Amino acid sequence: MLKMVQKRSELASTKKNKRKQKMPTSIQRLYETCKEVFGDLEAGTVPAPEDVNRLKAVLDNMNASDVGLNPTLPYFWKIELEGNPPITYLRIYECEKFSICIFCLPPKGVIPLHNHPGMTVFSKLLFGNMHVKSCDWADSHPSSQESVNTSHRLAEVKTDKLLTAPCESSVLYPNDGGNMHCFTAMTPCAVLDVLGPPYSDPDGRRCTYYDDLPYVDTNVAPGENVKYTWLEEREKAEDFFVLGAKYRGPTIKEN
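Here the sequence shown stands for residues 1 to 255, where the numbers follow full-length UniProt numbering.
Below you can see the structure in the form of structure tokens.
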């Protein structure tokens, strides 16, 4: 009788372990969802709203431990030097349809204002306090044709606030949602990004950087809470350094 009880216990334990082994990791779920969402899309096509919500839901439920990160790692150490400290880039997965990566920012780390041409981008702040400023082009605004210099172009400010983890992931689109954005780390920060499709110079998806210049809108109606800024293309900042490092979190099994 005792042997039978032990055997049943062993069988139950084996089944339980098999169930655990079959449970996909969070990063595996993210990869599989990205493949389903972006796999059949033409470059520049925005996913259907239900697919956007599905992918966003996966990201919303992820945290730093799902990708093997914590604020004590060297990527996030405070560095005392002139200019901005370097940013660390962790490449998790990339194909022609989408990419998954993480940006690790130490305190005062800055990713300058830049664009995402023809791309839908999901960003999840895994930990830390980070200031985000984002803009979209405001070509329909009357002042958009009044630039003194042809390199200036009017943009509407969509986001200008401090984010504190845990928080929902954000989504930006090719022409809406804050396609151009800037990140400034107040504390050690980790940002998990999904880009669909990824940057590609040959395909016209080149990363462009901008300076934002003051704009005073004299046509704003009382109580209207809309802000604008002039954007001017610039070269990559000399003190903006991105260092590549090996991703050491749970791996992705391609299928």
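Idealized CB from N, CA, C, for every residue including glycine. Source: prediction; values computed, not measured.
CA-to-CA, the gap between Val110 and Met23 works out to about 37 Å. Contact between Asp203 and Ala43 holds, since their C-beta atoms are separated by about 6 Å, short of 8 Å. In this structure, the beta-carbon distance from Ile92 to Cys101 falls below 8 Å. In the structure shown, the three-state DSSP call for Ala185 is strand. For Lys133, the uninterrupted beta strand (DSSP E) segment begins and ends at 129-137. Nearest in C-alpha terms to Val171, of all of Trp77, Glu32, Val46, is Val46.
Of the candidates Thr33, Leu231, Ala57, the residue whose Cα lies closest to the Cα of Cys135 is Leu231. Listed in chain order, the non-local C-beta contacts of Gly244 below 6 Å within the same chain comprise Tyr89, local neighbours out to five positions each way being set aside.
For Val58, the uninterrupted alpha helix (DSSP H) run begins and ends at 49-60, by DSSP. By the beta-carbon neighbour count (other beta carbons within 10 angstroms, threshold 16), Asp139 is exposed. Between the alpha carbons of Leu192 and Asn225 lies a distance of about 30 Å. Residue range 242-245 is occupied by the beta strand (DSSP E) that includes Leu243. Contact annotation: Ala190 and Ala64 have beta-carbon atoms nearer than 8 Å. Excluding residues up to 5 positions away in sequence, Pro86 lie with their Cβ nearer than 6 Å to the Cβ of Phe241 in the same chain. In this structure Leu195 is in contact with Phe98, their Cβ atoms being roughly 6 Å apart against a cut-off of 8 Å.
Judged by their CB atoms, Cys167 and Leu126 are not nearer to each other than the 8 Å cut-off. Here Ala165 has Leu125, Leu126, Phe127, Gly128 as same chain residues with Cβ atoms under 7 Å from its own Cβ, once five neighbours each way along the sequence are excluded.
Counting only unbroken stretches of 3 or more residues, the beta strand (DSSP E) elements lying wholly within the segment 148-178 are 152-164, 170-172, in sequence order. With contacts defined by Cβ atoms closer than 8 Å, Met119 and Ala155 do not form a contacting pair. Secondary structure at Phe76: helix, using DSSP grouped into helix, strand and coil. Under a 10 Å Cβ-count criterion, Thr251 is classified as exposed, with fewer than 16 other Cβ atoms of the shown protein chains found around its own Cβ.
Going by beta carbons, Phe183 and Met130 fall inside the 8 Å limit.
Residue pairing by DSSP puts Phe103 in a beta bridge opposite Tyr89, Val191. Taking a C-beta distance under 8 Å as the contact criterion, Ala185 and Pro71 do not qualify as a contact pair.
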